[in-house]
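In the numbering used here, the protein residues as written are 115 to 342.
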């Protein structure tokens, strides 16, 4: 199976070259779709240079910032390979975990694979309230959708392309994670979790998600329990 890697990018001039270097080192992506979400720090120019140098890369550009969800949706719609993996550009998720993510689908045991930050793999200590929010949102997901996920909010999600491209997605910002999870669970797709390492950023390092996004996630989970 061939892999499309979708990478939303917003103001990541200090990390995007390094994450691409790590992806190349794994040597498993067959196309890498970079979605520049209106960067204003020089990232746009850097991405254009990288795309000009590497045929594996494709670039989608948003003239203004639309949000991570919009960037991911546009990247997914452009994917052409058998599988689609979301890869953040901020070095929190390690591409060396990609083979573990692929294995359940390759073995026929899953339609979707989530990389869980809470299944025992090495991880840097994170901000307490972010961890609490993640745990509570995952618990709420399990209660609403009768599931047993350990990490709904993970940014490492792998899908069969023909399945993910058929699901109507609307979220523009960080509410993408609860929306896609809700819709996958409602469709009874087989979701498999594997442990991944995690190196979380703090706000002074460029972390973008805020507490208000947790409240939006709650509303998103409730809304999509009843609508599609």
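Think of the CB as a built atom: it goes at the ideal place given N, C-alpha and C, for glycine as much as any other residue.
Euclidean distance between Cα positions of residue i and residue j
{"i": "residue 253", "j": "residue 166", "result": "44 Å"}
{"i": "residue 260", "j": "residue 162", "result": "44 Å"}
{"i": "residue 218", "j": "residue 233", "result": "16 Å"}
{"i": "residue 305", "j": "residue 164", "result": "34 Å"}
{"i": "residue 303", "j": "residue 180", "result": "29 Å"}
{"i": "residue 342", "j": "residue 275", "result": "19 Å"}
{"i": "residue 268", "j": "residue 197", "result": "18 Å"}
{"i": "residue 312", "j": "residue 206", "result": "6 Å"}
{"i": "residue 115", "j": "residue 143", "result": "10 Å"}
{"i": "residue 340", "j": "residue 160", "result": "43 Å"}
{"i": "residue 332", "j": "residue 251", "result": "7 Å"}
{"i": "residue 204", "j": "residue 314", "result": "9 Å"}
{"i": "residue 133", "j": "residue 279", "result": "25 Å"}
Top-ranked residue by Cα proximity to residue i, from the options
{"i": "residue 169", "options": "138, 177 and 197", "result": "138"}
{"i": "residue 277", "options": "194, 134 and 161", "result": "194"}
{"i": "residue 273", "options": "199, 153 and 120", "result": "199"}
{"i": "residue 174", "options": "330, 280, 148 and 152", "result": "148"}
{"i": "residue 140", "options": "216, 248 and 262", "result": "216"}
{"i": "residue 247", "options": "136, 328, 134 and 158", "result": "328"}
Residue span of the alpha helix (DSSP H) that contains residue i, given as start and end
{"i": "residue 134", "result": "130-140"}
{"i": "residue 292", "result": "290-300"}
Cut-off 6 Å between Cβ atoms - residues of its own chain near residue i, not counting five sequence neighbours on either side
{"i": "residue 56", "result": "This structure leaves residue 56 out entirely; the chain is present only between 115 and 342."}
{"i": "residue 346", "result": "No information on residue 346 is available, as it lies outside the stretch 115 to 342 that the chain covers here."}
{"i": "residue 146", "result": "119, 170 and 171"}
Endpoints, beta strand (DSSP E) assigned at residue i
{"i": "residue 307", "result": "305-309"}
{"i": "residue 195", "result": "Here residue 195 belongs to no beta strand (DSSP E), and DSSP marks it neither H nor E."}
Neighbourhood of residue i by C-beta distance below 8 Å, restricted to the same chain and skipping five residues each side
{"i": "residue 293", "result": "183, 283, 284, 285, 334 and 338"}
{"i": "residue 223", "result": "304 and 306"}
{"i": "residue 336", "result": "258"}
{"i": "residue 281", "result": "294, 297, 298 and 301"}
{"i": "residue 151", "result": "122, 123, 124, 176, 179, 180, 181, 182, 184 and 185"}
Own chain residues within Cβ distance below 7 Å of residue i, not counting five before or after
{"i": "residue 295", "result": "255 and 266"}
{"i": "residue 186", "result": "120, 122, 200 and 290"}
Ranges of the beta strand (DSSP E) found wholly within the region 156-229, counting only runs of at least 3: Taken in chain order, the unbroken stretches of beta strand (DSSP E) that lie wholly in the region 156-229 and span 3 residues or more are 171-176 and 197-200.
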